[in-house]
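Below is one structure, written out as structure tokens, with a few remarks after it.
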Amino acid sequence: MTDLTDLTLAGARDALLRKQTSAVDLAKAHIAAIEKARALNAFIVETPDKALAMAQASDEMIAKGEARPLEGLPLGIKDLYCTSGVQTTAGSHMLEGFVPPYESTVSAHLWRDGATMLGKLNLDEFAMGSSNETSYFGPVISPWRRAGQTTPLTPGGSSGGSASAVAAHLCLGATASDTGGSIRQPAAFTGTVGIKPTYGRCSRWGMVAFASSLDQAGPIARTVRDTAILMRSMAGHDPKDTTSIDLPVPDYETALGRSIKGMKIGIPKEYRMDGMPAEIETLWQQGIDWMKGAGAEIVDISLPHTRYALPAYYIVAPAEASSNLARYDGVRYGLRVPGKDIASMYENTRAAGFGKEVRRRIMIGTYVLSAGYYDAYYVRAQKIRTLIKRDFETVFEAGVDAILTPATPSAAFGLGEKSAADPIEMYLNDIFTVTVNMAGLPGIAVPAGLSSEGLPLGLQLIGRAFDEETLFSVADVIEQSAPKLPQAAKWWI
Amino acid sequence: MSVDQATVRRIAHLARIKVADEEVPHLQNELNAILAFVEDLTKVDVEGVEPMTSVIPMPMKKRRDVVNDGGIPDEIVANAPVSEDHFFMVPKVVE
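Protein sequence lines correspond, in order, to chains A and B. Here the first sequence is numbered in my numbering, starting from 1 and rising by one per residue. Here the second sequence is numbered in my numbering, starting from 494 and rising by one per residue.
Right, dumping it as structure tokens:
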């Protein structure tokens, strides 16, 4: 058999069931790949012993004919998910050394279904960033490089470790999370598939909180099918999360291969931004042609409040972050820096434990929630959120089945290229993805082509609430129609 | 709207984040850049619009008000920077 790390997740699942390989061999191949790829800085903690022990248990289950849906499949876990007995940092100095005595619901679902854990994946600190450069543990490097260049590029963020590890074939799939684009932008930058499910589809319990009304767990993998398989295990009702929805979880894999003939695909005019690179425009048109080719009907639509989504997000998300991150006070867990009294202990701890971007967002959040500004900023932003959601409801009520947009305004950029003085430049990366979080809808990023510099570009599909199945059906059409992207050259070996 | 240096210090104090004097001008610029960016929102007519409270409408879940977990004090204090006899220890707050 060829290199086991070249199998897709679905391919590895089938090979295990046909006894063409073993879970232990599959785990060993990935552990070896991770060891050779430390230059990517994708993992904060590697757990090879755990992976091998879990793989051994999986081989026993397979031998008994009792294989579970993800039996023996090695995965990476974004270090935002609490993992029992394994350090969980959220990419922050504040939580360095924190070892949860409990397991997040979503990762517990994966182990329940037989998956094996390779380690914890690097991310922007508390998932606040679009390039992985805010991680206390250093930036993740993308396996992709511009043609003929060696400049290190970002895999995107905040799920940069997840995207980089999946694209570099260090794991078959990974968990990620998306508050403003943190699954879809890194997927688009690395030629991988990433879905942000409907808000409430996956439990948030045990996932380190950033902005609770926007945060949602989801998978990144190399194919639409692999993403669908992971999604089925990750989703599901959890009594421990009051916002988790009590709805049956469909077998998303069966949505692949369904005809999209007659479906209405909306093209929102507001996503045609001034100064959008021509190659993004071309990619989008290409996607429209693929939809038409598969028999779908293209409908021009308007989402009039699109331009206000990003500014409203930069009020709502920091406000919720400032409240959520109040828990890091040096008392119950995490870092403590002593002070002359308890107030100075808090202030010293939080100054030392949080990085620049996190401090900045906490301060903005504190300001917009403070007396005298609450109505002008926070309440106004939540009203605009209602309008953004209404825009989507209007087009879906008119019969649109899914909306097609570019995933990002450009291909991946170089590390350090956007981390200069102006934080807004980095924020603009999420311009096409953030509306989806504001409206609580599902969105998927699918690789669709290469930029002139040879870097992956992705398209985004936005669906109705809890209709991830339609997204998988349409994403499958894009995947089948798009030229197959080459694998990133393994320059790190 | 924009913030002055006194406001930056006040926000930092409210957020319980120590800020050195030399960081204040820089922070002021960054916060004002973000506030200028969100200024666009004042152009939207929000008259009569309800602020969003729940992005996916669902009834509030309830459970019985009973103890359903506990008896794990070792685990609770396991990650505390300082603890003693299953208490979290903090600097003295009352003289």
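Glycine is no exception: its CB is placed at the ideal position from the N, C-alpha and C atoms.
Closer than 8 Å at the beta carbon, the chain B residues around residue i
i: residue 200(A); result: 549 and 551
i: residue 268(A); result: Under the 8 Å cutoff, chain B gives no residues; its nearest Cβ is about 18 Å from residue 268(A).
i: residue 128(A); result: Under the 8 Å cutoff, chain B gives no residues; its nearest Cβ is about 13 Å from residue 128(A).
i: residue 351(A); result: 510, 511 and 512
i: residue 423(A); result: 523, 526 and 527
i: residue 242(A); result: 553 and 554
i: residue 370(A); result: 504 and 507
Under 9 Å from the C-beta of residue i: neighbouring residues of chain A
i: residue 514(B); result: Neighbours of residue 514(B) on chain A: none; closest Cβ ~13 Å, over 9 Å.
Test item: CB-CB of residue i and residue j under 8 Å
i: residue 52(A); j: residue 115(A); result: no
i: residue 412(A); j: residue 142(A); result: yes
i: residue 208(A); j: residue 192(A); result: no
i: residue 217(A); j: residue 230(A); result: no
i: residue 400(A); j: residue 298(A); result: no
i: residue 438(A); j: residue 364(A); result: no
i: residue 242(A); j: residue 214(A); result: no
i: residue 470(A); j: residue 545(B); result: no
i: residue 368(A); j: residue 319(A); result: yes
i: residue 30(A); j: residue 335(A); result: no
i: residue 531(B); j: residue 315(A); result: yes
i: residue 458(A); j: residue 442(A); result: no
i: residue 255(A); j: residue 296(A); result: no
i: residue 549(B); j: residue 414(A); result: no
i: residue 492(A); j: residue 120(A); result: no
i: residue 162(A); j: residue 91(A); result: no
i: residue 294(A); j: residue 99(A); result: no
i: residue 169(A); j: residue 14(A); result: no
i: residue 110(A); j: residue 233(A); result: yes
i: residue 126(A); j: residue 474(A); result: no
i: residue 235(A); j: residue 197(A); result: yes
i: residue 501(B); j: residue 520(B); result: yes
i: residue 279(A); j: residue 481(A); result: no
Per-residue contacts from residue i into chain B (C-beta, under 7 Å)
i: residue 348(A); result: 511
i: residue 345(A); result: 584
i: residue 315(A); result: 531
i: residue 379(A); result: 544
i: residue 213(A); result: 548
Beta-carbon neighbours of residue i, restricted to chain A and to distances below 8 Å
i: residue 581(B); result: 331 and 332
i: residue 533(B); result: 307, 308 and 311
i: residue 571(B); result: 99 and 101
i: residue 566(B); result: Within 8 Å Cβ-Cβ: nothing; residue 566(B) doesn't reach chain A, min ~11 Å.
i: residue 575(B); result: 336
Contacts that residue i makes with chain A (C-beta to C-beta distance below 7 Å)
i: residue 508(B); result: 322, 362, 363 and 366
i: residue 505(B); result: 363
Interface residues of chain B facing residue i [CB-CB closer than 9 Å]
i: residue 341(A); result: 584, 585 and 586
i: residue 92(A); result: By Cβ distance, chain B contributes nothing, its closest Cβ being about 14 Å from residue 92(A), past 9 Å.
i: residue 245(A); result: 549 and 551
Where the region 177-211 of chain A meets chain B: residues whose CB sits under 8 Å from a CB there: Per Cβ criterion, the list reads 198, 199 and 200.
Which residues, in chain order, does the region 457-477 of chain A contribute to contact with chain B at a C-beta distance below 9 Å? Result list: 465 and 466.
Threshold first: 3 residues or longer. Then list the beta strand (DSSP E) segments lying entirely within the region 351-378 of chain A, N to C. Runs found: none.
Taking Cβ-Cβ distances below 9 Å as the criterion, which residues of the region 96-110 of chain A are in contact with chain B? Against chain B - using a Cβ distance shorter than 9 Å - the residues of the region 96-110 of chain A are 97, 98, 99, 100, 101 and 102.
Report yes or no: do three or more beta-carbon pairs, one from the region 198-208 of chain A and one from the region 68-83 of chain A, lie closer than 8 Å? The region 198-208 of chain A vs the region 68-83 of chain A: in contact.
So, does the region 307-318 of chain A touch the region 329-343 of chain A, judging by three or more C-beta pairs under 8 Å? Result no; under three Cβ-Cβ pairs closer than 8 Å.
Are the region 393-409 of chain A and the region 280-288 of chain A touching by the rule of at least three beta carbon pairs closer than 8 Å? Segments in contact, yes.
Determine, using beta-carbon pairs with one atom in the region 122-141 of chain A and one in the region 40-55 of chain A, whether at least three such pairs fall under 8 Å. Yes, the region 122-141 of chain A touches the region 40-55 of chain A.
For the 8 Å Cβ check, are there 3 or more pairs between the region 153-168 of chain A and the region 97-109 of chain A? These segments do not touch.
Using a Cβ-Cβ cut-off of less than 9 Å, give me the residues of the region 519-531 of chain B that come near chain A, in sequence order. Cβ contacts with chain A come from 519, 520, 522, 523, 524, 526, 527, 528, 529, 530 and 531.
Does the region 338-354 of chain A come close enough to the region 500-515 of chain B to have 3 or more Cβ pairs within less than 8 Å? Using a Cβ-Cβ distance cut-off of 8 Å, the region 338-354 of chain A and the region 500-515 of chain B are in contact, since at least three pairs of beta carbons, one from each stretch, lie closer than that value.
When you compare the region 60-73 of chain A with the region 15-31 of chain A, are there three or more beta-carbon pairs, one atom per stretch, that lie closer than 8 Å? In this structure the region 60-73 of chain A touches the region 15-31 of chain A; the number of beta carbon pairs closer than 8 Å is three or more.
Jot down the residue ranges of each uninterrupted alpha helix (DSSP H) in the region 182-247 of chain A, minimum 4 residues, whole runs only, in chain order. List check, alpha helix (DSSP H) in window: 184-190 and 224-234.
Please give me, in chain order, every unbroken run of the alpha helix (DSSP H) with length at least 4 that falls completely inside the region 11-74 of chain A. Entirely contained in the region 11-74 of chain A, the alpha helix (DSSP H) runs reaching 4 residues are, in chain order, 23-36 and 48-63.
Which runs of the alpha helix (DSSP H), 4 residues or longer, sit entirely within the region 394-453 of chain A? Contiguous alpha helix (DSSP H) elements confined to the region 394-453 of chain A occur at 423-427 and 434-439, taking only those with 4 or more residues.
Residues of the region 439-453 of chain A with a CB closer than 8 Å to any CB of chain B: list them in chain order, please. Listed by position along the chain: 439 and 440.
Report the residues of the region 374-403 of chain A with a CB closer than 8 Å to any CB of chain B, ordered along the chain. Those would be 376, 377, 379, 380, 381, 382, 383, 384, 385, 386, 387 and 389, in chain order.
Every unbroken alpha helix (DSSP H) within the region 288-332 of chain A, with a cutoff of 4 residues, ordered by chain: The region 288-332 of chain A contains, as complete alpha helix (DSSP H) runs of 4+ residues, the segments 309-324 (chain order).
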